[in-house]
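Offset between the sequence shown (1-based) and my numbering: plus 7.
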Amino acid sequence: MKKFLIVLTLIGLIATSGPLAALEMDPNLDMIYSGASFSALLKFDINDQLQAVYFSAKGDKWLEYEIIGNDYAGEGKGWVYKVQDGMGNQYTIKRPGLDSNITMSGGGGKPVTLVRKK
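And the structure:
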């Protein structure tokens, strides 16, 4: 029984020390998107307004990017967000709808589609 409790404790420590452990998640408001080399976490308020953007390179810690703009592109096109990393590189995130995938571009690379995790 003692070994079982030790194993459970270790599993709990590992589970809470992962990359998302430092961020409070609200599954009703926050959305995670995944690509081949990185993931994005978009945090929204109850009015669906973007509050924070984080990126993680597959398992690394989450880095917050500054939101420098957001525009509504119209019906069927959704929202376009502009974010900036700590070095001043700017990126565009296109989110056509509430439950859709996002497309990220900028930083000198080709646009990348990130798939929403449900």
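Beta carbons are placed, not taken as given, at the ideal position from N, Cα and C, and that holds for glycine.
The beta carbon of Val119 lies closer than 6 Å to those of Gly42, Met111 in the same chain, with the five residues before and after it left out. One Cα belongs to Ala47, the other to Leu70, and the distance between them is close to 10 Å.
Val122 sits exposed, since fewer than 16 C-beta atoms from the chains shown fall within 10 Å of its C-beta. In the three-state reduction of the DSSP assignment, Lys117 falls in the strand class, which pools E and B. Here Tyr88 is buried, its C-beta having at least 16 other C-beta atoms within 10 Å. Residues Tyr40, Ile100, Arg102, Leu121 of the same chain have their beta carbon placed closer than 6 Å to that of Ile109, with the five preceding and five following residues left out of the count. A check of alpha carbon separations from Met32 across Phe45, Val60, Ser44 identifies Val60 as the nearest. Straight-line spacing of the CA atoms in Gln91 and Asn77 works out to 12 Å.
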